[in-house]
Structures are given as C-alpha cells and as structure tokens.
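In the working numbering, the protein residues as written are 2 to 138. Yeah, the Cβ is synthetic: ideal placement off N, Cα and C, and Gly gets one too. Computed from a prediction, not measured in an experiment: that's the story for all the values here. Structure first, then comments.
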Amino acid sequence: MRTIRITEEVWQAIADRGKFGETEEDVLRRVFELPINSKANITQTISDIGSTSKISSGRRRSFATIRMTSYINRNQLNVEFANGASSSWTLPNQSDKKAIRTILDKAITFAKENKASLGQINAIRKTLTDNDYHLTK
C-alpha cells in the first residue's frame, strides 16, 4: 500500500466524483476503470504487509485444513481428525485441576501434531469447559 500527497483541489475533485460510502480508492478505481479486487492489488497488499505474525493489530488469519471433532463420551475426552488421526484420554474428577491440566496439555499437543488451527485448539478447551471441567490460570 502506498501513500501519496495531493492538493486540496485534487482532493475535492475526487470527493466530487465519489458516491456516498465510497473510499478514495473506490473512486479512483471507478474513474480509471480498474477492477475492484485485481490480482495485482492483492499481491501488492500481501507483499507490503508481510506475514500476519508481524502485524500487531487486526484479525488473526488462521484456517483449519483438516476437520477436527472433540467430544466427551463415557468419561473420556476424544479428539478426532478427518484424516483418521484420533486419540482419547480418561478424564479425572472435575475438582482435580492438576489432572485436568495434564489431560488438556496432552490433547493440545496431539492437536498441534496434527496441524490444528488456533480455533480447533480452543474447541478442545471449550469441550472440557462445556462439560464442567474448568481450569483457572
């Protein structure tokens, strides 16, 4: 993304051609007959921004590549991936926080080994808390 300096006269000309809700870029794209999301624009934006880990604000860009399911059945935490990988752990008493933490850590390690996204890891945590296996930090 580039920044330019323009005179008030040019700014006003852009504003005069703009429609309600349009950004300056929208107006210029329309005037120059450029597509709204050209491939060159997307590539340039990505190369200007760099990797998402360097950005301190904004949304995290992480998507699951393999479907994962986590559930509790017969006092066992089950984590299964669509590629066939699965594992289960026997759950301790709901008041045994140390043992719950150990099970959660094992489940998260297993999920990370199977390239789970952050959302999938959080889903494992949610499976436990939804079934009253709560942890405090």
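| field | Which residues DSSP lists as bridging L78, in chain order | value | DSSP output for L78 lists I73, W90 as bridge partner(s).
| query | Where does N132 sit, in a helix, a strand or coil, going by DSSP? | reply | N132 falls in the coil class under three-state DSSP.
| said: I need the DSSP call for R126, collapsed to helix, strand or coil. | reply: R126 falls in the helix class under three-state DSSP.
| Which residues in the same chain as F111 place their Cβ atom closer than 7 Å to its Cβ, once the five residues preceding and following it in sequence are excluded? | Close CB contacts of F111 within its chain, under the 7 Å cut and outside five residues either way in sequence, are with V80, S88 (chain order).
| said: Cutting at 8 Å between CB atoms, please list the residues of its own chain near T44, excluding the five before and the five after it. | reply: Any answer about T44 is weak, because its pLDDT of 48 lies below 50 and its placement is not dependable; what the coordinates show is given next. Within the same chain, no Cβ atom closer than 8 Å to the Cβ of T44 is found once the five residues on either side in sequence are excluded.
| task | If I'm right that I67 touches F82 with Cβ under 8 Å, what's the distance once you round it to whole angstroms? | result | Right, their Cβ atoms sit about 5 Å apart.
| For D133 versus Q95, is the C-beta spacing smaller than 8 Å? | Here D133 is near Q95, since their CB atoms are less than 8 Å apart.
| request: Can you tell me which of the three DSSP states A14 falls into? | output: In the three-state reduction of the DSSP assignment, A14 falls in the helix class, which pools H, G and I.
| request: May I ask which residues mark the beginning and end of the alpha helix (DSSP H) holding E114? | output: Residues 98 to 114.
| task | Have a look at I109, N115, L136 and flag the residue whose alpha-carbon is nearest the alpha-carbon of N84. | result | Selected option, being the one with the closest Cα: N115.
| request: Could you give the DSSP three-state label for L35: helix, strand or coil? | output: If DSSP states are grouped into helix, strand and coil, L35 belongs with coil.
| message | Quick check on the burial criterion: 16 or more other C-beta atoms within 10 angstroms. Buried or exposed for I1? | response | For the chain, the structure presents residues 2 to 138; residue 1 sits outside this window and is missing.
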